[in-house]
Structure formats: structure tokens, C-alpha cells
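Asks: Sharing a structure below in C-alpha cells format, with a few things to ask.
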Amino acid sequence: MNTALTQEQIDQYQRDGALIYRNFMSEQEVDALLTEISRAVEELGGSKVAKNAEFGKTDAKPDESKNLEADYYEGTFLQRVNLWKLNDAIKRLFLGPELGEMVSRLAGVSGMRIWHDQTLQKMPWANPTAWHLDNPYWSFYSREAISIWIALDDATEANGCMCYLPGTHETAEFERNVPISPSIGKLFKAYPEWNGIAPIVGTMKRGDCGFHNGLTAHGAGANMTPGYRRAMTCGYMPDGSTFNGQKNILPTDYYESLEVGDVLDNDELTPLVWPQ
Ligand SMILES: O=C(O)CCC(=O)C(=O)O
Ligand SMILES: [Fe+2]
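First residue of the sequence shown: 158, per the numbering used here; consecutive thereafter.
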């Protein structure tokens, strides 16, 4: 795994709110990660761990009955959340100091905790991923939240690579948002001033990765190919972030023990990944 960063890459991430990083993992490392992901997905059976993660939900309440959005995204992804809790190799990757230091340096913060990991495997002939922001769905608001998106297959314009709208992290607001929906461009109803920004098209080779700020607008195209477009992702929460009242992936008993404004510093649910 390669986690070296140049000042230029850090500056680019800070400016655009997104960075494509080449050769993050070797072919062999991707193969090994895929084996561990398959193992963890099998262990989970049908359950997603956290049904109320980012997709297929229009609010943060768990166990909402099925709706159009849920069906739409169920037909889009195989999605499984928090595999790090089941699998030591995935835990070592996402909670290890190498990636912990890397995401902290990119985000420009002194400490970082894991929020959740997620495998997003876009199925053959799958729907697009609508333009959206990540952080407004999470249980804390931060202008420095960051995610990594690792390509486990070549991600192309034909199979639905990620696209990022540079600079949108600067002007996005936590509560100016639209529910993620099958309408791919609905976000622009809330942010008409973003019309006209050209996307960074994140075509990647297997083993490349992308980083994006939790407030950077991003989405992905349809999969027009017969193969999967698999990715492994992880979102991170700057240390010291506080509860905003949304449940998202928090276990119910912990969620109910929190008051808005409490620091989210539970070392079992959201361990510190940097410094270690
Ligand atoms: O893989 C995709 O299509 C979407 C990924 C995404 O939205 C994310 O990683 O935050
Ligand atoms: Fe996202």
C-alpha cells in the first residue's frame, strides 16, 4: 500500500475537495482485499449492518419501510457497511496508522476517527448514483470529514466511475440539502449556483483510489456493462466532532444516551485512527 503524499496533492485536495490517487494498492493487495470483503459479506448474510447508511434513505431514522429510493438503490448496489467490525484485515487497513495519517494530512486535522466503511458494488446494468453530499447524513457536522473510495475494478465512464464537483465543499451547507433520490441532478435544485461547474471524472485503474471531502458534491454514472464496478470505501470523522441529533449508523442505545453537542469519542464504535 502506498500512502505517501506530496504537498501538491494536499494542496489539490484542499482546493478541490477531491483527489485521485494512483497506485494506492497493488494488484495483489486488491486481490487480497477482495477475498476479505467476500468473506465478510458472506458472514453478514443478507444484512447490511446499518440499513440507515447513506443510500436508499431520505432521513436518518432506521427501519423505515421500503420506499422508491430504497428500491432504486437496492437495484444499484450490493452495499455492506462496517465490515471492519467483522474482519481483521479490513480493520487493519482502515484503522491502521498509515491511512489514518494520510487522511488526517489531507483533511488538515490533528486527529481522526473512523465513521464507517462501506463496500459499494455497482451491479451490471445498474442505475446511476445521484449527485449528493455525504456529511449531512452523518451524526456529526464537520467541514473536514473525508472519505476514501478504493477501486476494486477498473472504474470507467462506461461502468459508473465516480465524479466530483471541485470546490463545492467550500460553499456546501450542512442543512441545505435534498434527500438522495433517483433524480440524479436534484441536488442542483438546492445549489443552483453549482450549475456550470465541470466535474472531475474519476476514472481509475483497479488499485487507484479517490479522496473526497464530506461536503464535496459527488455521484457516479450508470453501469452500462455486464460486469460489476466494485469499490471499498471508508468515511472518517475529525476527532472532537459533536453529535448533531441524527442516528445514521449509531447503535440505538448509544444514540439515545447522547445529547446534541456531545463529543462523539466512543473508542469502540468510532476508534481513533490518528494519532496512534
Ligand atoms: O460508489 C458510488 O457509486 C458512490 C460512492 C459514494 O457516494 C461515496 O463513496 O461516498
Ligand atoms: Fe457519497
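Don't be surprised by glycine CBs; every beta carbon is placed ideally from N, CA and C.
Keep in mind the model is a prediction, meaning the values are calculated, not measured.
Does at least one heavy atom of ligand 2 sit under 6 Å from the Cβ of Asp291?
Replies: In the sequence shown, the residue the question calls residue 291 occupies position 134. It does: the Cβ of Asp291 is within 6 Å (strictly closer) of some heavy atom of ligand 2.
Asks: Looking at the strands, I want to know which residues DSSP matches up with Trp431.
Replies: Numbered from its first residue, the sequence shown carries residue 431 at position 274. Its beta-bridge partners are Met269.
Asks: Which runs of the alpha helix (DSSP H) fall wholly inside the stretch 159-206 and span at least 4 residues, in chain order?
Replies: Correct list: 164-173, 184-201.
Asks: Short of 6 Å in beta carbon distance, which residues of its chain neighbour Ile177, apart from the five on each side in sequence? Order them along the chain.
Replies: Taking the first residue of the sequence shown as position 1, residue 177 is located at position 20. Same-chain partners within the cutoff: Gly359, Gly367.
Asks: Would you call the stretch 331-347 and the stretch 279-291 touching, i.e. three or more CB-CB distances under 8 Å?
Replies: They touch, by the three-pair rule.
Asks: Check Pro281 in the structure and name its three-state DSSP category.
Replies: Against the sequence shown, residue 281 aligns to sequence position 124. Coil.
Asks: Take Trp306 as the anchor and find which of Ala161, Gln166, Phe181 has the nearest alpha-carbon.
Replies: In the sequence shown, the residue the question calls residue 306 occupies position 149. Considering only alpha carbons, the answer is Phe181.
Asks: Ends of the beta strand (DSSP E) at Phe297?
Replies: As a working note, residue 297 is residue 140 in the sequence shown. Counting along the chain, Phe297 falls outside any beta strand (DSSP E), and DSSP gives it neither H nor E.
Asks: Can you tell me whether Gln236 is buried or exposed? The criterion is at least 16 other CB atoms within 10 Å of its CB, across all chains shown.
Replies: Along the sequence shown, read from residue 1 onward, the residue named residue 236 stands at position 79. Burial call: buried.
Asks: Whole angstroms are fine: how far does the CA of Tyr348 sit from the CA of Arg196?
Replies: Along the sequence shown, read from residue 1 onward, the residue named residue 196 stands at position 39. Along the sequence shown, read from residue 1 onward, the residue named residue 348 stands at position 191. Distance between the alpha carbons of Arg196 and Tyr348 is about 41 Å.
Asks: Just grab the DSSP bridge partners of Ser304 for me.
Replies: Counting from 1 along the sequence shown, the entry for residue 304 is found at position 147. His369, Gly392.
Asks: Verify whether the separation of the beta carbon atoms of Gly402 and His273 is less than 7 Å.
Replies: Position 245 of the sequence shown, counted from the start, is the residue given in the question as residue 402. Position 116 of the sequence shown, counted from the start, is the residue given in the question as residue 273. No, Cβ-Cβ distance for Gly402 and His273 is not below 7 Å.
Asks: By DSSP's criteria, His289 is part of a beta bridge. Which residues make up the other side?
Replies: Walking along the sequence shown from the start, residue 289 turns up at place 132. Beta-bridge pairing links His289 to His375.
Asks: What alpha helix (DSSP H) runs, 4 residues minimum, are completely inside the stretch 320-352?
Replies: For the stretch 320-352, whole alpha helix (DSSP H) runs of length 4 or above, ordered along the chain, are 325-328, 344-347.
Asks: Report, in whole angstroms, the separation of the C-beta atoms of Val430 and Leu252, which I expect to be a contact under 8 Å.
Replies: Numbered from its first residue, the sequence shown carries residue 430 at position 273. Numbered from its first residue, the sequence shown carries residue 252 at position 95. So it is a contact: roughly 5 Å between Cβ atoms.
Asks: Ignore the nearest five residues each way along the sequence and tell me which others in Ile247's own chain have a CB closer than 6 Å to its CB.
Replies: Mapped onto the sequence shown, residue 247 falls at position 90. Contacts found: Glu193, Leu240, Trp241.
Asks: Using only CA atoms, which one of Leu162, Gly371, Ser299, Gln171 lies nearest to Phe400?
Replies: By 1-based counting over the sequence shown, the position of residue 400 is 243. The shortest Cα separation from Phe400 among Leu162, Gly371, Ser299, Gln171 belongs to Ser299.
Asks: On the criterion of 16 or more Cβ atoms from any shown chain inside 10 Å, does Pro432 qualify as buried, or is it exposed?
Replies: The sequence position of residue 432 within the sequence shown is 275, counting from 1. Per the 10 Å Cβ criterion, exposed.
Asks: Look up Asp310 in the DSSP assignment and say whether it is helix, strand or coil.
Replies: The count along the sequence shown starts at 1 and reaches residue 310 at position 153. Coil at Asp310, not helix or strand.
Asks: Tell me the DSSP secondary structure of Val358 in three-state form.
Replies: Within the sequence shown, the letter at position 201 stands for residue 358. Residue state, collapsed to three classes: strand.
Asks: Is Val417 helix, strand or coil by DSSP?
Replies: The sequence position of residue 417 within the sequence shown is 260, counting from 1. Reduced to three states, the DSSP call for Val417 is coil.
Asks: When DSSP labels each residue in this structure, what does Leu426 get in the three-state scheme?
Replies: In the sequence shown, counting from the first residue as 1, residue 426 sits at position 269. Leu426 falls in the coil class under three-state DSSP.
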